[in-house]
Each structure stands twice: as structure tokens, then as C-alpha cells.
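Residue numbers (my numbering), protein chains in the order written: chain A, 14 to 366; chain D, 14 to 366; chain P, 33 to 376; chain X, 33 to 376.
Each residue gets a CB set at the ideal place from its N, CA and C atoms; glycine is no exception.
It should be emphasised that the depicted structure is a prediction, and the values quoted were computed from it without experimental measurement.
Okay, so here's the structure we're looking at.
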Ligand SMILES: Cc1ncc(C[n+]2csc(CCOP(=O)(O)OP(=O)(O)O)c2C)c(N)n1
Ligand SMILES: Cc1ncc(C[n+]2csc(CCOP(=O)(O)OP(=O)(O)O)c2C)c(N)n1
Ligand SMILES: [Mg+2]
Ligand SMILES: [Mg+2]
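This is how it looks when you write it as C-alpha cells:
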């Protein structure tokens, strides 16, 4: 099965061949590297920019104003913070011009911890991204969702922030992308660039990819359950699934794990129904815990499900420190890991009503 | 009584004469203008910078690294968004250097709606400010609090974001600043610059100001009450007070109104005690309502007071639009006004337990 | 492009001949518009004014020389808030600025949402003006890149103030427009009026000639007296031809006046600076191209047009409160979170 | 400043005489440090390496010429992650870099929190290095402003890469250091190694000589072969004297090699570029200042020192999980929100 990085590449290939994408760009996005995580290897329209995030966002915005469908990358979301004014402009352009100038751009960026990234390669961006009006924000956790959501993001007439969890970038999926060869080795031979100088003349050979997309705005129930609702996204999705499995096996507690996939506009119906059903809510993410997007979810769900709630809703998020420290001793305790997630689920499930 | 603008000026005068402030700077902060809201008129150390927010924040940061106590201004918080990376650096510097390099800078900026400011003079900054670790964030609503908190901010060894509500900037206080003359006209003659060319040779005459400060981290109970807790700050403080008064007079409902004053680190004890006492919570602010700092307060208070709550906690915040529109028809309905606040208080108070 | 302005504009660009009468009339028209709008802040017809009286001698030639239309075959304009004369020369009906000044629902730029002189006009490639100083310089390379690929002779024009060039965006623009072998067809303008609100140019600029910053990037650059419409016309004809043909950037700094101070926040009173309209008028009278009476009647004509526009705009409604969410997203508003009703 | 390096450094600055042996030794020492740290990524002694092999010929002279000390009377250094040779020349014990590479609690720069070569040393005015490219250029004017006011001859030095100069911060630095009458004593460096990760300089820079961008700001500028320690020494002596005395900025671009690629992410394998240490060594042997045997023994000496440092660091603890909040605020942690315990 394709990895998340390969899924991005496949979707961008569909974008540039069938959906009008003319530019995929960012720092080291073009040849020879094809992105620091290889997500843009072999693409026909990928090119390297100056080291200037303001220029990257601005140029993508300008291309979109001219009616093109650019996909730009910020190499790590940790380096997006000098462009928030431009992101806000891109988000208000359609609205302020009364619909005259929609901004069909995609901005992609890897997020989160998990690679010993220390202070500047471990950031989350969900709080600020969801706080900028006018943007759609997606954050898939599997290769298939990545593929389908990237295609939807390209098609969308609005600016879409395409975040992806760097910890999972080389994980292979369990679901096949429509059109992908059965053998992952075959896929690799087709679309992974060789290392070294042989790369220079290499061209990828792309599989035939039938139309497919995953609509922005729909969450995914990864694991149905009865006793509590766990909302999560990104790196912590597989951890929540594992914790739920363990909880069920060891104590018969059944947690419903929902991968939000789209942070904005999120799937209100699914999370509302689940919270009403279970009456217990845990939100898990990695961003720092003060003014955290999970707090928005908790606020809205508390407002709408107050009388169904049997225990205080809980947020398990990143510690409110200025960064994730390099030492694993520090990283491990700064952002949720399996054990902490398991413990939090258990606690929410066990709290007396 | 002094206005909020005068209070800032008085505090900065104390700063530059007694607390080691050597630079008060920003766009149009120095002579002849002394700030677009006159907050820096007549100060000995005020100077005009290039039109470059990154340079302003960066230079303040550098001065603080050299052990100085700069006070820098972003002319409107609407224009701070190209500096978020630098704010994050200033917030992580002490931590990442294990305490070697604290950053004793103050960054001040007017926030919020209320002056027909349209899309770019109506922004709030509470959500993002509170999401940046390592910063203290204050947002006073009265001249006395403004004065006392600015002095505390200057003394603090950490970066302090000093936000102030532009809607209230010319409002006179009801409490006297220690040392201020009894007659506001006298104060005005002493420290308000004359208009026109006579300003050139004008020098302020400062009142004697005894030591005074309001500690960062303490909220203020503006109006004690029994039936619900209202947490707010900035422009909406006087509106909440008025709404509470009306609610009491008309229906005997007694709302406890708390002006947070410090957004981070906020006064947990006071708001916890109040919420436990009343069992009903309304948070009012102007920032857009998705990933809003009020949602953090609600999350934490729900976690800690869940079994005391008699109604769903509510957030009354700014509509999630890309901006506040120019027309009053638009502004009026985009951010909370008196009527909406009154209605929300009533609703929270009346919800059946 | 059947309207008078549109064809005048096509004409101007084709012939590269300056019709001084036409230029004068358009300068007077733009000025009348701004003066009416300033008065509107005093008559309570608008909350806030910021605009371009003093930039007409440069902006009218520019507006006439722009290749107006929609899409990459035509010129894109990324403008700052002193650009009304460009738009007027392009053919903007005065009422469309006045509607924005009066925050009317009929404002075609922003539906009463944005400040005056923040234009947005899709059919003319006038991309939305924003209050954030200098950001247009980081965005403009995008439209120019689309044009570079498209071919033809459409170019991207970006303007902004002298103080604003201190933002990093100006450097971004120079850098992104001059990548070797991938140069962009951009006219990069600096409208130097010697002030940023209350801060004099010379107190904050070691770069005595801002445009010269382009030199290190291999970008051609120049300066022009933007108070002189003839010099401005000539220079613009020359450099726009270069950009259109060579598909490379040019950086031009125009020295202009700021005749009513920064904005209505500083009173918008008339200040003592050279007035390009007066000077040009005097010159045309001296050269017997116009009579003093003609000048007066031109002025009266446009004052009337502006006043009529205001009278009309006053009849028109302000936007409805329940439209605040409209156009947040192209293609419709998402259902979640459930939008709270606009406050009553 | 009683240690050998400190006094060598004071000596160097006072005399402006280059002790080539000393320079060679320090270059070799810095190189040995980096090579050991590269190997540490392979021996699982560290997760990630980024550093400065290839910048020694410029950085050692710079480190020797820095006026080391605390406070505005001394030089401030705002560095990027290829600056180890500056610090080594200033007198950094190798183990202090190795402790950071190995994320030890004893790392004096960041207590095991930050990546290697992100130095922070209050007593030497080495302000915290950050991974964010080029931000140091916006911050450096602040320390220089403090020095301008303080008087004396302390200066602010800022360095960074060629690619990074595309960020607006570089322009900010030029602008803020050259305000007329308020110029700042800054040495603004560009370490041009011709690459930004995988992106060649010439593909993204119309500014063929980056330092020349200073010219439009009235800032003196120059270039130097940063692979040549003698040329670098001379140029630095000259321009640092200018900055110290005139209290004005100077912008210097040094051409250097990147001998192990970008970082351990790209493998950190040795690449084919001119090696300043080898070249200088050969030169000194030819000039009979050092023998080949001496060169070998110098190398061996520092390899041993680096290895000993590693052996020592391995004995030292990693930071404790329950320290994550320490130093978030100077003066103590606020009580609210109640910090959740570090996850178990
Ligand atoms: C990013 C940003 N910072 C600050 C402001 C506030 N502001 C509005 S206009 C102005 C001065 C602009 O001066 P200049 O660029 O010379 O243009 P001019 O108004 O003189 O035409 C300032 C500081 C803003 N609008 N945007
Ligand atoms: C603001 C920011 N953007 C992107 C990055 C990712 N990044 C790290 S190093 C680098 C290349 C830097 O090139 P250059 O400035 O020439 O320095 P060099 O590494 O060549 O010494 C990039 C893009 C970053 N660290 N910071
Ligand atoms: Mg100006
Ligand atoms: Mg480089």
C-alpha cells in the first residue's frame, strides 16, 4: 500500500494532469529533492522557490487570483508563522470582494511531533489554522484519506490548508488507493526517485488513477463504541485506536474513535451524534493546550449535548510549554503518547455519572 | 479622571523615569504625533520606526536580550500578524536557553471593534496571544487598571503583550490614578499636546506619581452576583456591567461580572470560585468564535466545576466572519453589543437546571 | 469596452500619444471625487476617508496606459489606497467609489464592508485592495507568473507608499520577480510622498532612492517626478513597453504630493505641497490648450457628477445585518459550527 | 577571561596580527568537533546533526576577533547553525557542543532541548540560536541599538546563509541599521555556500552578489573568499575596525563550502567542495610553518578531545521529563491554568 508521502504525490499528479494544477512549489519541492519528505518527487510542475515563506504564500495567492490552482508548500508548519497576515488576507478575499475573487489555493505543510524534531520541527498548527476565517483545514491520518482529501482540496474553490502528520508520513496504509498497484514494491519502482545521481534522468511512471475523492467536511468513525467518544486527528489517530483496542480487551470499555480528518468545517453531525450516544467525550490532539481547537469542539459539544453528558469532557493536548524539547524524555511527556491516551480514555469512561 | 490613553502615557513616563525604559517605539509613536491614539505623547524616549512590524518586534526583542526594557507598539493589532514567528521566538527564548536569556519586553497594541474600523481596524488578538507560550497577556478596560498593569508589565522580566481596547481609549475612568490631579482639565493641560504647530516646542509637565501597580494575574470582580458568572475583558466590560444592572433592575437576576484584566496567566482562583458559586457561566469577548480564548476558559472551568454547573456554559463572541464590515449594520451584528449580551445573560440565567 | 473611458484607454495605449486635455480632465475628475469624499466624512455620509489627491499626475497616465480586461492577457493591478485616479482613468464611474465611501450595499467593490478606495473589480483585473501595507508586493508575483506562462503582453502592476517599502514584502517582490531565467513581467511602483502618516521619509530611510534597491537584483529602475503628468506619461510609456516586451520587471519610483494629509484621522485638511492639478492647469492655460473658463467648467462638471453620485448613493440601502456570512466561502457556507445568528 | 582561548582571542583582537598556527589549530579543532558530531548520528548518540564544516576559515578569524564578554560593552553574536568554529575560536569547550548534540541535561546552551549548534551563552553575549532561518537579522538591530547608546566599541555581529537572505528579515536588517543619523554598529554577514538545502543559489537569486543589496542603503559592503583564512582575517580586521570605530554597519558576504551537505537529514556525507582546512594545512606545510606530522598530531589531538568529550557526555543524564515547564517564565511559573503533569 502507498505511504502517506506517496499518496500526496499521486494526488498531486492527478492535480497537475487532470485538475488544472500548474504549479506545485515551495522550498526544495522541485527537483532534485522533491520535498524534504519526498511528497513532490517526480511531479511535472514542481519547482523550488527562494527561501521566503511570504513569497510562497503570496505567490500562491496571486496565482489563485489569476484563476490558477496552485499547490504551495511550507516546508514545516513551524515556519508558517511569518505569513499569518497573508493567510488572513487569502481567507478574507472572497468575502471582502463580495465573491468576486475566490482564492482556490492549497497550502500544504507537515505538522506535529514524532521525529525528534525539537523546538522547530514539532509544531502543531491546528489552533491557529482553525482560527483564521475563510480557510478550510484538513489533516488526514491515512494514505487513502490523504489522497482523497488532497484531490478535494485542489478542486475546492476556497483556500485549503492541507496539513499532514509528519510522524506518519512513511506509514503504509491498510486501504488501497484506487488504481494503485497491488504490490507496494511495484508502486515504489514506479514513483519513488532513485537515490544518487541516477535521479537526474529519472522519470516516474504513474499508475492509472480513476476519479476519487474524499469530501472535505466528513469525519471517519475508525472504531465504533458505546462508552465514550474520542475525537482526534493526525498523529494521535492510530494511538487512539490502539488505546481503544487495549481498553476493550482489558476492561471491556468500548470507545468510539473518530478521526476528524477535516478540522474546518468539521463534521458536526457525526461528532454530535456520537457524543449524545456515549455521553462522554475526550478530545486528543498535540497542539498546546491554551486556546486549543479541541476546546472549541468541547465548547460546542457541551453547548449542544450538555444534558447528555455524564462526565466532564476532557482535552488531552500538548503541554503548554514553548516547545517540544529534543530529548525523548522531554518529547515523550510533552505531547500525548499511547499510555497517556489510554489513561485519559479510561478516566473519562470510569468517571461516575 | 485620566483617560485610558493618558493612563498609558503616565505609566510610560514612570517607566522611562524610574523603571529603566530607554525606548518607547513604533510607527508614529514619537513626535510629532505621539501615537495614533496619543498614548505616547510627550515621552522623552519615544521614537518613530520604519514601517516594519518585524523590525519593531525584532528590535524590541534584541534590546531586551541586551538587558534593556523596551516598550514597542504595533499600531493596530490588525498589523501584528506578520510577526507571529518572532513573538513565538520571544516566548521561547528564556525556556530554550534554560533561563539564560529572559526577554523583558512590552509589546502594546490596541484591539477590538467600536470605531467603525472595518476589516483592518477591528481585530481582536486574544486567541492567538494566549496561544503563544511564554508570553503574559494583559487587556485592561479602565484607566486605573491600564496604568497599574502597564507598570507591572514593564517590571516583569518576561515578554508581556499589553493589549488595550480602542473603543474605550478616550473614556475617562471613575477611579483616580494615584498622583493624578483632581481636575481632568488640569491633567489635560499638563500632559496633552496642543494641536498644530505650537506642539513643536511643547513639553509636558508630569504630575508626581507615587509607586503603584496592579499585579499581573489578578482579575477584578466589577459586580458581585449570585445567579450567573460573566467573564469578560476589554470593550465588553462596561457593556456587561450595564447588562447586569438592567437584568437586576428588571428581573432581579444578579450576575457576577468579572473583568479578567490578565488573559494569561489568568486568575484561576477567582473565576473558579465564582463559577462554583453561581453554577452558570457566560464568557463574552469579541474575537471570532472558533478556537477562541473563551473556549479555553469554558473548557477548564467545565473540567473543574462540572458538578456545579446548572446550565451549559456559553460563549458570546465575534461572528466567525473574515472581518468586521464597515457598515454599522454589519459591525453591530458581528461583535457583541449591549442587547445581545443582555439576552445571553438572561438565557444562561433562565435555563432550567 | 464600449464606454468612453475604456476606449480612451485602449486608444492611449495603442498610440502612446498623450492627449493632454484628456489627461487633465481625468485628473480633475479624480480630484473632484476625492474632495467630495473628504467632505463626506464631515457631512456624516461616511466614517473614514483615505485616498489619493496628489497622485493624479502619475496615476491618470498609468490608468490610461493599462491594458484593461479580465484574465492573464490583460494587466493586473495590485493597488494601495491612493489609487483612485488610476481607476478613474480606467473608466470607473465615480459613484462606485462613493458607494464604498458611504458603505452602501451597492458598493461593487466590497458591498459596504471595506474602507473607501479599497477597490476590487474582477472584469478589470483589479485585485482586492487591502489595508495591510505592502502585502500586495508579495502577492503580485503570482499574477505575473500566470502572465509569464500565458504569454502575450499583459503585465502586473503593483503600487504602494514609500514608508511601506520598509516591509519585507518589497524585498520579496524584487527577489521573486528577478529569478534568473524566470523574470516576471512586473511594473513595481513606489509612490513616494515623503511621509508615512507622521513620519518623514528621511528619518527612517537609509535608502535615499528606494527604487535603487532593485539594482542589486539586476532589475532596471528609475525615478520620475510624479507631479508632472507629461514626464510621468513618457516614463510610463517607455517602461511599460519594456516590461510588456521583455517580460522582465522594472522598478519605478514616483515623487508625489499628499495633498490632504494621511487620512480623515488626521483631519484631511488641505496642506501646502505642490498641487499637480493646479500646476498642470496653469501650464495648459499658458500654453493656450485650455482656457481658465474651461478649467472652471471642467471642475464644476465633475463636482456636480460627484455630488449627483452622492445624492444617488444616499438613496441606496446599507447592507443587511444578516448578510455578514455571505461569500465567506465560494460555493456556500458550511453547516458547522452552526453559525450563530447575527446579534440583534 | 583567564582561559587560553579567551586570552588568545583578546590578544588577536588587540594586535590584529594573525597567528596562522593558532588559526590552523582552531580550525582543526572545530572540524574535529563537527566530524565527531556527524558520527554521533550514526552511533545513536544523537538524533540530528547540522553544523559548519566548511566555514572554519572564516569563522575562526571571526571568533578570535570578537570582543568576548557580557553586556553592551562587548560584542553580541546572533548566529546561525553553522557557527561552531566561531564559538570554538572564542573558547568553547568541545564538550559543550557535544552535550547539546547528545541532548544531555548538562548541555549549557539549552539543557537538551534544542538541536545541536544552537548556542546560547549569556557570559559571552551569544544570544540563543534558533532554527528559524534569518529571524536573527530582525533581532540583531536591538542589541546594536543598545550598544550605539552605550558607547564604547562593542558591536553586533549577525550571520546566516545565502538562501536565508531571501527572507524579509535581511532587508529589515539593512533598513534598521542604516537609519540616517542613527546608524548601528553592526557587522552583517552572509555565509554564501551556494545552497539552500537542495536549491542552488543561482536558481533563486537575481541578486548575484547579496551584499550589494546594502549599497542602496548607503551601507558599505564587500565580499571575501571565506575558504581563505588569511583573506578572511584581513578583511575582518579591516571591517570590524570600521564598525567599531565609525559605529556604522558593514555588510560582508563570505563564500564558503558546505562540506557535509545540508544536515544529517541528507546523510551528512562528505561532498566534493574545496576544503579550507586541507588547503590551509597544505599551504602551511609548503611554507614550512607546520610539518605534515604536526598536522596529523593536531588532528589526532582534537579527535581525541572530541571523543573524550563524547565519552564524558555519555555518562551524563538526559533531562528529566518533569522539567518541561522550567524556565517558561523568568521568576516562576504561574498557577493557572493548572499545568497538567507531564504525561507518563
Ligand atoms: C502592515 C501595516 N502596518 C501599519 C499600518 C498602518 N498604516 C496605515 S497607512 C500607514 C503609512 C503608510 O505610509 P506609506 O507607505 O508611505 O503610504 P502613504 O500613506 O504615504 O501613501 C501606516 C503605518 C497598516 N495599514 N498596515
Ligand atoms: C523560516 C524557515 N524556513 C525554512 C526553514 C527550513 N530550512 C532549514 S535550513 C534551510 C536552508 C538554509 O539555506 P541557507 O540560508 O543558505 O543556509 P545554509 O544551510 O546553506 O547554511 C531551510 C529551507 C527554516 N529552518 N526556517
Ligand atoms: Mg508615504
Ligand atoms: Mg546556503
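- Annotated as distal: residue 337/D and residue 128/D, with beta-carbon spacing of 8 Å or more.
- Going by beta carbons, residue 275/A and residue 229/A fall inside the 8 Å limit.
- When only Cα atoms are considered, residue 37/A and residue 122/D end up about 37 Å apart.
- At least one C-beta of chain A is nearer than 8 Å to the C-beta of residue 140/D.
- Interface criterion met: the Cβ of residue 170/D is under 8 Å from a Cβ in chain X.
- Contact check for residue 21/A against residue 52/A passes: the beta carbons are separated by less than 8 Å.
- In this structure, residue 81/X has its beta carbon at no less than 7 Å from each heavy atom of ligand 3.
- At a cut-off of 8 Å between beta carbons, residue 366/X contacts chain D.
- Looking at the DSSP output, residue 255/X shares a beta bridge with 285/X.
- Around ligand 4, the residues selected by a Cβ distance under 6 Å to any of its heavy atoms are 193/X, 194/X, 195/X, 225/X, 227/X and 228/X, following chain order.
- Look at the segment 332-353 of chain X: the residues with a C-beta under 7 Å from a C-beta of chain A are 350, 351, 352 and 353.
- Residue pairing of residue 122/A in beta bridges, as defined by DSSP: 176/A.
- Going by beta carbons, residue 261/P and residue 59/P fall inside the 8 Å limit.
- Close to residue 356/X, with beta-carbon spacing below 7 Å, are these residues of chain A in chain order: 332, 334, 338, 343, 346 and 347.
- Cβ proximity to chain D below 8 Å picks out nothing from the segment 210-230 of chain A.
- Residue 110/P is bridged by DSSP to 190/P.
- Of the residues assessed, residue 363/A falls on the exposed side of the cut-off, its CB having fewer than 16 other CB atoms within 10 angstroms.
- Residues of chain A with a Cβ closer than 7 Å to the Cβ of residue 112/D do not exist; the shortest Cβ-Cβ separation is about 12 Å.
- Remark: the shortest separation between the CB of residue 164/X and any heavy atom of ligand 2 falls under 7 Å.
- If you draw a 10 Å sphere on the C-beta of residue 320/D, you find fewer than 16 other C-beta atoms in it, and that means exposed.
- Approximately 7 Å separates the beta-carbon atoms of residue 91/P and residue 121/P; this is inside 8 Å, confirming the contact.
- For residue 340/X, the enclosing alpha helix (DSSP H) starts and ends at 324-347.
- Interface annotation, residue 196/P: in contact with chain D, CB-CB separation under 8 Å.
- When the beta-carbon positions are compared, residue 294/P and residue 229/P come within less than 8 Å of each other.
- Inter-segment contact for the segment 178-187 of chain P and the segment 217-227 of chain P is present: three or more beta-carbon pairs are separated by less than 8 Å.
- From the listed residues 14/D, 104/D, 325/D and 68/D, the smallest Cα separation to residue 166/X is found for 68/D.
- For residue 355/D, the Cβ stays outside the 7 Å cut-off from all heavy atoms of ligand 2.
- Secondary structure at residue 330/A: strand, using DSSP grouped into helix, strand and coil.
- Nearest CB-CB separation between residue 207/X and chain P: below the 8 Å threshold.
- Residue 127/X holds the alpha-carbon nearest to the alpha-carbon of residue 68/X among 51/X, 96/X, 127/X and 98/X.
- At a beta-carbon threshold of 9 Å, none of the residues of chain A lie near residue 111/P; the nearest stands roughly 13 Å away.
- Contacts with chain A at 8 Å (Cβ-Cβ) do not include residue 185/P.
- For residue 72/D, the chain X residues whose C-beta falls within less than 7 Å of its own C-beta are 173, 174, 177 and 208, listed in chain order.
- DSSP assignment within the segment 172-232 of chain A yields the following whole alpha helix (DSSP H) runs of 4 residues or more, N-terminal first: 197-204.
- In the three-state DSSP reduction, residue 275/P falls in the helix class (H, G or I).
- Boundaries of the alpha helix (DSSP H) harbouring residue 25/D: 17-31, taken from the DSSP string.
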